[in-house]
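Numbering (my numbering), first residue to last: 13 to 161.
Here it is in structure tokens:
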């Protein structure tokens with residue numbers, strides 16, 4: 013593959029701080045994805061989540077639940093591992109934009125009213141990681157160095 017493309021994909025201009033963002037946010041995303049996909053942690057699984065998504069106008073509900081759950085679970089895993097963090101973070105950012113406007117925006121900012129503050133925080137971290145990359149302690153950083161030669 014083109015070395016320039018690989019540098020853009022795996023390269024990072026972040027230091028150690030990205031690790032402090034990736035791990036907890038990756039855990040949060042994985043847990044939310046596991047709720048949607050597998051019904052873990054008190055979630056409703058694909059069937060229940062799909063029915064709920066259809067009820068709020070995200071159709072087809074099962075597919076939307078699969079896409080959201082997959083983005084969150086596997087995107088969160090990518091953040092934790094530090095592999096393909098830029099594309100994973102971009103997908104997670106898009107997922108949070110959908111969550112904000114489809115579910116939370118009408119309730120205002122605060123979480124106590126089912127508002128968008130938590131999703132906005134996850135969006136901010138996702139955008140920051142998409143811009144900065146995975147940081148020094150990541151598989152991406154090792155791959156970027158390998159493609160530099």
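Here a beta-carbon is modelled for each residue, glycine too, at the ideal position from N, C-alpha and C.
These figures come from a predicted structure and were not determined experimentally.
Proximity of residue i and residue j at Cβ, strictly below 8 Å
i	j	result
residue 145	residue 98	yes
residue 100	residue 90	yes
residue 45	residue 88	yes
residue 19	residue 156	yes
Residue i versus residue j: straight-line alpha-carbon distance, rounded
i	j	result
residue 76	residue 58	9 Å
residue 3	residue 93	Only positions 13 to 161 of the chain appear in the structure, and residue 3 is not among them; the question remains open.
residue 72	residue 65	8 Å
residue 136	residue 115	18 Å
residue 16	residue 125	46 Å
residue 140	residue 67	32 Å
Beta-carbon contacts of residue i that lie in its chain and below 7 Å, excluding the five residues immediately before and after
i	result
residue 107	80, 83, 84
residue 151	93, 94, 95
residue 21	98
Cβ neighbours of residue i in the same chain (closer than 8 Å, five flanking residues each side left out)
i	result
residue 29	147
6 Å CB neighbourhood of residue i in its chain, flanking five on each side removed
i	result
residue 26	144, 145, 147
residue 121	127, 129
Nearest-angstrom Cβ-Cβ length linking residue i and residue j, presumed shorter than 8 Å
i	j	result
residue 74	residue 62	4 Å
Quick check on the DSSP output: what are the complete alpha helix (DSSP H) runs of length 4 or more inside the region 47-82, in order along the chain?
57-67
Unbroken stretches of the alpha helix (DSSP H), 4 residues or longer, contained in the region 84-150
97-111, 129-144
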